[in-house]
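Residue numbering for the sequence shown follows the working numbering, starting at 838 and increasing by one per position.
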Amino acid sequence: MSHQNTTEEKRETAILVGVDYVTHNQTGLSLDDSLDELEMLADTAGIDVAGNLCQKLDSPNPRTYLGTGKVEELKVLAEELGAGVVIFDDELSPRHQRELEKELGREIKVIDRTALILDIFAQHASTREGMLQVEMAQLQYRLPRLTRAWTHLARQSGGAAGRSGSVGGVGLRGPGEQQLEVDRREIKSKINKLKDALEKVREHRSRHRDLRRKTNIPVVALVGYTNAGKSTLLNRLTDASIYVADQLFATLDPTTRQLQLPSGQEVLLTDTVGFIQKLPTQLIAAFRATLEEISEADLLMHIVDISHANAEAQRLSVLETLNEIGAVSIPVLTVYNKIDLLDAVELTDLKQHHQPGSLYISAKNGQGVEELLTAISTEILKGFTRVDALVPYDQGQLISMFHEKGKVESVVHLEKGIRIKGLLPTQIVSYFKRYLK
């Protein structure tokens, strides 16, 4: 499926479908808000939304997800609105998708939120790593859903259809069950090759991180809900010139830039892929190499769009994903962005409900950015100890270590050695213990 938004290509029209589970506790966005977000996703993918359909259920219908009457209502609505796509807000099981396609007819495509997000990622991946990750996620999603509609129709020409698509000389419309099995094996083979390729990417990233550790430059990772303003902030702080747009997943591939803090400390600032509620598990698995950049960071800057009606639900969704990737032990600065969109009264009111220590900025106009840089310096320096040492001249390796690993504030050459003052990572202070003043 491809929905590239070009001037020549007509955008597809869709109906959104959501289910409100009356017996479940609502932990994320409300159904209305979730469907609003789904509409933004559809727009990002190049699809126009003509309407939506909702149903309250205790649990999904085992066969068609929706109740039988609701499926019929959906079919009529799609015909009335000329919709060629139906997008479900929750992930459909392979059976649900197959049965819905049967009920709605071949001319209507049935997809879910997961497939839509995967499609957007496929459009926005620009590096080889991003493309590998998205392709693997798409194949993992497609494998259990493989039907005749997903198979390579090109095989029906030439000898392929003759080998597997006919019985007793009578041609079949589809490639047949035998061809489905061939396709399954091909997809599994491709997934294994992609896993190998991504493992090499992971090893390459790991080697890069090892080199970074040797230089002892702290890594600060920008995390947050999609469209919270991470790329805008990175551009503001480092002149990174990253593409910015008011849409979901405008940037996908991570970008790292060097930043000098007011304290003089150098840090590496990494912009990471935006999170979203119901982030497909296939993507979390496929983007493991990229997400490790987050779990290996020294500090996380959690950017929250303070102007969004569901800012708190988005914040909690990000924290949930951070927990899934094992990044909960890393210090976090919570940074509320887009304060330029609020008036003073609104901002004061919201601050009363936030955790102490939260920061408030506008990445767009720079408001609050100086305070943010100071806070980053303070957090980074928490891992350092102030040291005043007289190091003998024959201990040159320690002087080198101080320069490489720490932040030197003064050096004085004395008769008995070199007096060096500054900040050292706490874990290596013991090397200087006997020489401390």
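Even for Gly, the Cβ is constructed at its ideal location relative to N, Cα and C.
Within a 10 Å sphere around the beta-carbon of residue 950 sit 16 or more other beta-carbons, which makes this residue buried. For residue 892, the enclosing beta strand (DSSP E) starts and ends at 884–894. Contact between residue 1268 and residue 1227 is ruled out by a C-beta separation of about 14 Å, above the 8 Å threshold. Within a 10 Å sphere around the beta-carbon of residue 1240 sit fewer than 16 other beta-carbons, which makes this residue exposed. Of all alpha-carbon atoms in 1048, 972, 916, 933, the one lying nearest the alpha-carbon of residue 1028 is that of 972.
Residue 851 and residue 1074 have their C-alpha atoms some 39 Å from each other. One alpha carbon belongs to residue 1272, the other to residue 1256, and they sit about 9 Å apart.
Residue ranges of uninterrupted alpha helix (DSSP H) with 4 or more members, entirely inside the segment 1213–1272 and ordered along the chain, are 1233–1242. Around residue 1113, the same chain offers 1063 as residues with beta carbons nearer than 6 Å, after the five sequence neighbours per side are excluded. Counting only the Cα atoms, residue 1133 lies some 19 Å from residue 1265. By the Cβ-count criterion, residue 1099 is exposed, with fewer than 16 other Cβ atoms from all chains shown falling within 10 Å of its own Cβ.
Contact between the segment 1152–1167 and the segment 1176–1183 is absent: fewer than three C-beta pairs spanning the two stretches fall below 8 Å.
By the neighbour-count definition (other C-beta atoms within 10 Å, threshold 16), residue 889 is a buried residue. In this model, residue 1121 and residue 1203 are separated by some 32 Å (Cα to Cα). For residue 946, the beta-bridge partners assigned by DSSP are 922.
Straight across, the Cα-Cα distance linking residue 1189 with residue 1212 is about 20 Å. Counted as a single uninterrupted DSSP element, the alpha helix (DSSP H) harbouring residue 933 occupies residues 931–941. The alpha carbon of residue 1172 has as its nearest neighbour, out of 1071, 1162, 1209, the alpha carbon of 1209. In this structure, the straight-line span from the alpha carbon of residue 1144 to that of residue 1197 is close to 11 Å.
Within the model, the alpha-carbon separation for residue 977 versus residue 1024 is close to 8 Å. For the 9 Å CB-CB criterion, residue 1095 and residue 1218 do not form a contact. No Cβ-Cβ contact shorter than 9 Å links residue 958 with residue 854.
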